[in-house]
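First the structure, in the form of structure tokens, and then the observations on it.
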Amino acid sequence: MRNNKLIYIGGPTCSGKTKLSILLAETFKTDIISCDSRQIYKETSIGTSKPSNYKLKEVKHHFINHVSIHREYNVGIYNKESNKILESIFKKKKTVILVGGSGLYADSIMNGIDDFPKVENSIKEKVNLIFKNEGIDKLNSILKKYDPDYYSIVDKSNARRVIRALQVCLSTGKPFISFHKKRNKNNLYSSKILLMDLDRKKLNKKINERVDKMISIGLEKEAMRLYKYRNLKSLQTVGYSEFFNYFDGKYNYENTMEEIKKNTRRYAKRQITWNKKYQEAFLVNENYLLDEIIQFVNK
């Protein structure tokens, strides 16, 4: 069974993961499993930079437009659902492509899911009350104190992630990151990791251009449509949070554009930091050769 291969394409946002994933899926005649915790929601399209409908039709994709923003969803649910789909695909094919920028989601597939302790309701209520009264910045400052290592890599605008980490810290007295033990590793396939490796200046330029494009094709309108649901954890993310603050009068329009770009660049930096642990990965620069990638995968 270990002859089956899962090719994971990781890297920061705007680095070309989608393009390479489709190329490899066509090469190996297989499906794509998305591990993007933002693209999983049906109602968020422009702000999450989903592949176009044309690209989605080119190759079978799983976990894009998968659930509603109103559904409670987390890495544990994703792990169970994605493993079922992988088992089904591997009955017919020897290779599957996994692609996306959500490190926890990718890790749950390649290395098994972490064993986190249960959190008492009183702790949950305490953290949620802090978030409601003092906001995400206050939670981040507390998380930095209790778990500086996880603080350095977490998406600080993702309230769901920050809240969960802080709940575990306060409940156990231990850093959240200490529970990342990686267990239940599968025997269904082996993983091959490809990491997109772009020059940081070029990456930042692409990020700024992508944000400009998202604005031009209607991100503000999409955010306004979702504004009434702004308190949902699924919408506490870059691109939407900044516009919600704009609608609330906290930012002017120019500040909003700059905040989205700045927070996206920060997100990309955290993704790069997270991926440094994959020392066995093949680094894919912008001048990559498909033959070299296939040779690495087939080792």
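This note's numbering puts the first residue of the sequence shown at 1, with every later residue one more than the last.
Think of the CB as a built atom: it goes at the ideal place given N, C-alpha and C, for glycine as much as any other residue.
Those residues which DSSP pairs with residue i across a bridge
i, result
"residue 192", "7"
"residue 95", "5"
"residue 33", "62, 98"
"residue 41", "67"
"residue 283", "195"
Interface flag, residue i vs chain D, CB-CB below 9 Å
i, result
"residue 20", "As a matter of chain content, chain D is missing from the structure shown, which is built from one protein chain."
Rounded C-alpha distance that separates residue i from residue j
i, j, result
"residue 220", "residue 188", "43 Å"
"residue 252", "residue 214", "18 Å"
"residue 51", "residue 91", "26 Å"
"residue 256", "residue 282", "36 Å"
"residue 173", "residue 46", "39 Å"
"residue 212", "residue 298", "39 Å"
"residue 93", "residue 248", "50 Å"
"residue 98", "residue 40", "14 Å"
"residue 140", "residue 291", "44 Å"
"residue 225", "residue 232", "14 Å"
"residue 289", "residue 197", "13 Å"
"residue 63", "residue 157", "22 Å"
"residue 245", "residue 35", "28 Å"
Residue i versus the options, residue with shortest Cα-Cα distance
i, options, result
"residue 195", "122, 293, 239", "293"
"residue 159", "173, 128, 250, 180", "128"
"residue 199", "142, 173, 287", "287"
"residue 155", "146, 145, 137", "137"
"residue 260", "43, 130, 48", "48"
"residue 222", "19, 152, 133, 42", "42"
"residue 13", "209, 169, 124", "209"
"residue 103", "175, 130, 74, 226", "74"
"residue 87", "33, 66, 55, 161", "33"
"residue 19", "37, 54, 5", "54"
"residue 105", "296, 295, 289, 271", "271"
With 16 other Cβ atoms within 10 Å as the buried cut-off, status of residue i
i, result
"residue 164", "buried"
"residue 280", "exposed"
"residue 70", "exposed"
"residue 107", "buried"
"residue 113", "buried"
"residue 285", "exposed"
"residue 242", "buried"
Residue i Cβ short of 8 Å to the ligand FAD heavy atom set
i, result
"residue 122", "No copy of the ligand FAD appears in this structure; indeed no ligand is present at all."
Give a yes or no on contact between the region 258 to 275 and the region 224 to 240, applying the rule of three or more CB pairs nearer than 8 Å. A contact exists between the region 258 to 275 and the region 224 to 240.
Answer yes if the region 27 to 43 comes into contact with the region 112 to 124, meaning at least three C-beta pairs across the two stretches below 8 Å, and no otherwise. No contact exists between the region 112 to 124 and the region 27 to 43.
Does the count of Cβ pairs from the region 70 to 81 and the region 6 to 13 closer than 8 Å reach three? These segments do not touch.
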